[in-house]
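Counting from 1 along the sequence shown, just add 4 to a position and that's the residue number in my numbering.
The structure appears below as structure tokens.
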Amino acid sequence: MKRITWLTVASILFSGSLFASNKLKVVTTTQDLASITREVGGDRVDVTSIARGYQDPHFVEPKPSFLLLLKNADLLEVVGLELEIGWLPPLLDQCRNNNIRPGTPGYLDLSQGVEILDRPSVVNRSMGDVHPLGNPHYWLDPANAVRIAIQVRNRLAQLQPADTAYFDQHLQNFKVRINDANKRWMAQMAPYRGAKIVDYHPSLPNFAKHFGLDIVGTIEPKPGIPPSPSHTLEIINLIKTQHVKAILMEPYFDRKTPDFVAAQTGAKVVVIYPSVGGKPGLDDYFKLFDYDIDVLTKALR
Ligand SMILES: [Zn+2]
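Spelled out as structure tokens, the structure:
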């Protein structure tokens, strides 16, 4: 009787520890990275995002619960290029987890292996520019999504080598699905190649480059700087002279200036979602693009 009890206890402990070691705890700063990591990691990873997709990723209010998440993480994935500089460093300092510090295998900066646009020739942090190292919204290009997935695969395989074949298979499946989806998206966007648009914050250069849209102006005078009267007048003139049909804005900005510009010009204000989780239903990377492309093609028609 006694022996059976011990055997039972031992087997529970053993299976429990096996189960725990099977799932890598991954924390991402954004839901976009979380979505792509779930594609690659499947059921071998437990993925949680700190920022929600409806928040401006440059400005996330730190919460105590984030410290607990980071404390227990095996891997932290960041967008990088200083996107998270306003809120992540203090959390990293306070979470007491040396395994996810920059420079360790538990820290992955995805900006290292993707195409970055708007890289400045000289880094200039003055004027409150929140894109001093280049545009950090690079995930809005399906080719970069694949580049992100490859980096995630490499790091997951490094941290959990026993599951390498599993991660490879999932990466392969993701590449096939994104390739199929991209063919559909490109076909939907094809009639609007060269269409001129204005954006609110420069979240869309990678998206625009991929689909051949022409961003002729931005409501913010500089990334992270609120609209000013003189710059708004310039944008109004630009929209009139260039016959811009749509002003694309992220859901977390004030509509006042875009609505004013629209009223002066006849251009349409279109809310575009730059992140997974931006609103209910945008649960993964594919649904995000399906939605944005649907809204955009209707506006540019
Ligand atoms: Zn930005």
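The C-beta atom is built at its ideal place from N, Cα and C for all residues, glycine as well.
Straight-line gap, residue i to residue j (C-alpha atoms, nearest Å)
i, j, result
"Asp263", "Lys283", "21 Å"
"Ser19", "Lys27", "Residue placement at Ser19 is poorly supported in this model, since its pLDDT is 46, which falls under 50; the coordinates are not used for a value here."
"Leu175", "Arg157", "7 Å"
"Ile16", "Gly45", "Confidence at Ile16 is low in this model, with a pLDDT of 49, below 50, so its placement is unreliable and the value that follows should be read with caution. Going by the C-alpha atoms only, they are around 26 Å apart."
"Pro227", "Val265", "19 Å"
"Leu72", "Pro66", "12 Å"
"Lys29", "Leu95", "17 Å"
"Asp258", "Thr222", "14 Å"
"Met190", "Phe215", "7 Å"
"Pro140", "Asp167", "30 Å"
"Leu85", "Lys213", "19 Å"
"Phe150", "Ser39", "Per the sequence shown, residue 150 should be read as Val rather than Phe. One C-alpha to the other measures close to 12 Å."
"Thr245", "Ala267", "15 Å"
"Glu254", "Phe211", "13 Å"
"Asn148", "Gln98", "32 Å"
"Asp172", "Phe293", "24 Å"
"Gln68", "Val248", "Sequence check: residue 68 is Pro here, not Gln. Answer to the nearest angstrom: the Cα atoms are 44 Å apart."
"Ile229", "Asp133", "7 Å"
"Asn103", "Glu238", "49 Å"
"Pro106", "Glu224", "31 Å"
"Ala24", "Val49", "Its pLDDT being 48, under 50, Ala24 is placed unreliably in this model, and the value from its coordinates should be taken loosely. Cα-Cα distance, rounded: 10 Å."
"Arg123", "Pro136", "8 Å"
"Ala303", "Val31", "36 Å"
"Lys291", "Val64", "23 Å"
"Arg305", "Pro165", "49 Å"
"Ile276", "Leu74", "30 Å"
"Asn76", "Pro109", "15 Å"
"Lys179", "Asn128", "37 Å"
"Leu300", "Asp145", "15 Å"
"Tyr295", "Gln192", "12 Å"
"Val220", "Asn101", "44 Å"
"Arg56", "Gly117", "24 Å"
"His235", "Glu43", "42 Å"
"Ser232", "Gly270", "20 Å"
Residue i: CB within 7 Å of a non-hydrogen atom of ligand 1
i, result
"Pro227", "yes"
"Pro140", "yes"
"Val64", "no"
"His3", "Shown here, the chain extends from 5 to 305; a query on residue 3 therefore has no answer."
"Pro206", "yes"
"Val134", "yes"
According to DSSP, residues forming a beta bridge with residue i
i, result
"Glu81", "Thr32 and Leu112"
"Thr3", "As displayed, the chain neither begins before 5 nor continues past 305, which places residue 3 out of reach and without an answer."
"Asp50", "Lys29"
"Ile152", "Answer is none; Ile152 lacks a bridge partner."
"Gly138", "Pro136"
"Asp193", "At residue 193 the sequence reads Met, which differs from the Asp that was named. Its beta-bridge partners do not exist; DSSP assigns none."
"Ala267", "Looking at the DSSP assignment, Ala267 forms no beta bridge with any residue, so it has no partner."
"Ile240", "Its beta-bridge partners do not exist; DSSP assigns none."
"Val180", "Its beta-bridge partners do not exist; DSSP assigns none."
"Gly332", "Missing from the structure shown is residue 332; the chain here goes from 5 to 305 and no further."
"Ala250", "Ile201 and Lys272"
Beta carbon proximity, residue i to chain C, threshold 8 Å
i, result
"Tyr58", "Among the protein chains of the structure shown there is no chain C, as only one such chain exists."
Discussion item. Quick check: the region 270-280 against the region 31-40, are at least 3 beta-carbon pairs closer than 8 Å?
Written reply: As far as the Cβ criterion goes, the region 31-40 touches the region 270-280, which means the pair count is three or higher.
Worksheet item: Does the pairing of the region 250-263 with the region 286-293 give three or more beta-carbon distances under 8 Å?
Response: no
Discussion item. Under 8 Å, with one C-beta from each stretch per pair, do the region 178-192 and the region 200-210 reach the 3-pair mark?
Written reply: no
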